[in-house]
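Notes to accompany the following structure.
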DNA sequence: CGCCAGGGTCTCG
DNA sequence: CGAGACCATGGC
């Protein structure tokens, strides 16, 4: 896997595109974070990953440096929006995330901005996570740990009504009601159906988990941003969730999840850049 | 300060 | 099945 270290990656955009939420940038512009319980520090030079701390194999796998970006890019739709997103977000990668951590953070993500998902993630880590030597932040707590916590304690981390969902899901997993790893053999529709049995996991969050933790690169989470984009692609014609999902799958191609990620990040960076300067 | 955010769930037609 | 209400919280 470490022989992929020459593969291109847009590190900053990858880490800021709403996939993972706990990485932070150091004064020297490198990025520090945890891959499960392993501290890592990486930077980017000429679109290549420079490793300053952490096991190269683990890092290369986490950042999915083996994903065939050329093939993925070639499969992008040819419409103006997809191509604009492709140009502005070049070399973003869909990372391979730990399943529970991904499931938990996206349960907290509903009706929340990226910045607040981050603050909730950091609060949960600080309150419940194991400290890690060589890391400023703690590991994401196991579902056993969260199962033994309380809704009130999770609310203290800013989760609001999502606290009960995360607690219930942690308890289901702790009691063996579902095994995230054994789901990996299921095909997309069944996997999605299995995941949506968890409290706080609907179709959108399930698709995030499929894309980010099960490497289903054709899975398309439809949030408010992607919904608006699909609407525009359809000439303003809205539809049911099922219709839009079918449209996205057909329109965005075999790597629809990748296309979706580029569209999402591009739309958000546009919005940020055109926000009026404060007086 | 008011709007909106990587939505899920329950109810009612 | 599909539309609507409600759910807490904080960034911008």
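Numbering (this note's numbering), first residue to last: 32 to 310.
Idealized CB from N, CA, C, for every residue including glycine.
Everything numeric in this text was worked out from a predicted model, so none of it was measured.
Contact annotation: residue 290 and residue 137 have beta-carbon atoms that are not nearer than 7 Å. Per DSSP, reduced to three states, the secondary structure at residue 73 is strand. The residue among 177, 192, 217, 257 with its C-alpha nearest the C-alpha of residue 116 is 257.
The three-state reading of DSSP puts residue 55 in strand, counting E and B together.
Annotated as distal: residue 253 and residue 133, with beta-carbon spacing of 7 Å or more.
By the criterion of a C-beta distance shorter than 6 Å, residue 145 is surrounded in its chain by 49, once the five residues flanking it on both sides are discounted. Closest by C-alpha distance to residue 205, out of 269, 190, 87, 172, is 172. Annotated three-state conformation of residue 47 is coil, per DSSP.
By the C-beta criterion, the region 182 to 195 is judged to be in contact with the region 150 to 158, since at least 3 inter-stretch pairs fall below 8 Å.
In its chain, beyond the 5 residues on either side, 127 have a beta carbon closer than 7 Å to the beta carbon of residue 246. Considered as a whole, the region 109 to 167 harbours 111 to 119, 130 to 138, 145 to 159 as its complete alpha helix (DSSP H) runs of no fewer than 4 residues, in chain order.
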